[in-house]
Amino acid sequence: MTDIVYLNGEFIAKEHAKISVLDRGFLFADGVYEVIPVYRKTPFRSKQHLTRLFDSLKKIDLPSPFDEQRWLDLIDEVVALNVEHLGENQSIYLQVTRGSEPYRQHQVMAKPKPSVLIMSSTLKDSAQTLTPQRATLMEDIRWLHCDIKSIALLANTLLINRAKAQGFDEAILYRDNELTEGASSNVFVVKSDKIYTPPKSQFILGGITRDLIIELCLQHGLEVYQQRIHIEELPEADEIWICSSTREISPIVAIDDKIIGSGEIGPLTTRISSALQDFKSQLL
Ligand SMILES: Cc1ncc(COP(=O)(O)O)c(C=O)c1O
């Protein structure tokens, strides 16, 4: 069975979905995106993801082509159309670009019609087992608006490819010697039973999983601080984990050649991860 995607008003087979070479997303990476996990056919934290989508769109001066309910309906439709072959756990990818114009030019001339793509893939419900990962520290070479979930991901892809080529699972990034985030994840650091993560700013994407983890830490009476973290503090951490919507929580047991804590999955990582699983199962 072939994947069905939504593209500009149509539900069509993925191999037939075509976009103009003049689309500003293709030419300039002029667009934004979201990735929403779907468990048992239900999009998880969809309102939060759509709020972030609206925020990203606003920050690039592009009105949303749909209201929240229309987005939710389209997402449900894509999930339903693919459920037989992708299963009930899916990862929805949606992107909005500024659309196409008659010829390539930086300046937007007319009022182009946004292009909208929604597609899905199978989601591995990975969090049942925590997999220890190794990260490498790299300078954050991205632009200064990382809070926008932009489709311009050249820096992120260069960083993760270079990390992977050296045998690491993730690149953990720093700017001016301060931790920002992972190439496609947020980072949490545990020291003496306190949990730290960099504050929201233009230097990081405000992760939906990051927000949920902070909520869960507070519910569980854990001390969590959103504050700047110097990279020299990282080797001294007891535990480090990264998080994202599709990977949930991944323990980082080493950064470059430095073992973090005991080198094993730490107790707070395990605790937060099970709190996240409990939270999910209560909703489903
Ligand atoms: C740069 C970056 N930071 C953080 C995240 C985590 O965000 P979320 O938890 O919303 O998936 C992602 C997810 O793709 C990301 O690309």
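-2 is the number of the first residue of the sequence shown in the numbering used here; add one for each residue after it. Ideal Cβ positions, reconstructed from N, Cα and C, are used throughout, including at glycine.
Assigned with DSSP and collapsed to three states, residue 175 falls in strand.
In the three-state reduction of the DSSP assignment, residue 143 falls in the coil class, being assigned neither a helical nor a strand state. Out of 241, 196 and 236, the CA that lies nearest to the CA of residue 177 is found in 196. Cβ contact annotation for residue 82 (same chain, cutoff 7 Å, sequence separation greater than five): -2, in chain order. Looking at the backbone, the Cα of residue 134 and that of residue 164 are separated by about 13 Å. The C-beta of residue 281 has fewer than 16 other C-beta atoms within 10 Å across all chains shown, which makes the residue exposed. Taking the Cα of residue 31 as reference, the smallest distance to any Cα among 21, 46 and 23 is reached at 46. Residue 116 has 90 as its beta-bridge partners, per DSSP.
In the three-state DSSP reduction, residue 82 falls in the helix class (H, G or I). Contact annotation: residue 173 and residue 130 have beta-carbon atoms that are not nearer than 8 Å. Within the stretch 37 to 73, the complete alpha helix (DSSP H) runs of at least 4 residues fall at 43 to 56.
If you draw a straight line from the Cα of residue 276 to the Cα of residue 53, it comes to about 27 Å.
Contact between the stretch 263 to 276 and the stretch 57 to 77 is absent: fewer than 3 CB-CB pairs across the two stretches fall below 8 Å. Burial is judged here by how many other beta carbons sit within 10 angstroms of a residue's own beta carbon; residue 138 has fewer than 16 and is exposed.
In the three-state reduction of the DSSP assignment, residue 209 falls in the helix class.
Remark: C-beta atoms of residue 20 and residue 94 approach each other more closely than 8 Å. Residue 206 has its Cβ nearer than 7 Å to a heavy atom of ligand 1. Not a single heavy atom of ligand 1 lies less than 7 Å from the C-beta of residue 5. For residue 90, the closest of 1, 66, 158 and 132 by C-alpha to C-alpha distance is 1.
For the 8 Å CB-CB criterion, residue 200 and residue 240 do not form a contact. One alpha carbon belongs to residue 182, the other to residue 204, and they sit about 8 Å apart.
C-alpha of residue 109 to C-alpha of residue 33: approximately 26 Å in a straight line. For residue 279, the uninterrupted alpha helix (DSSP H) segment begins and ends at 264 to 280. It is roughly 14 Å from the alpha-carbon of residue 79 to the alpha-carbon of residue 70.
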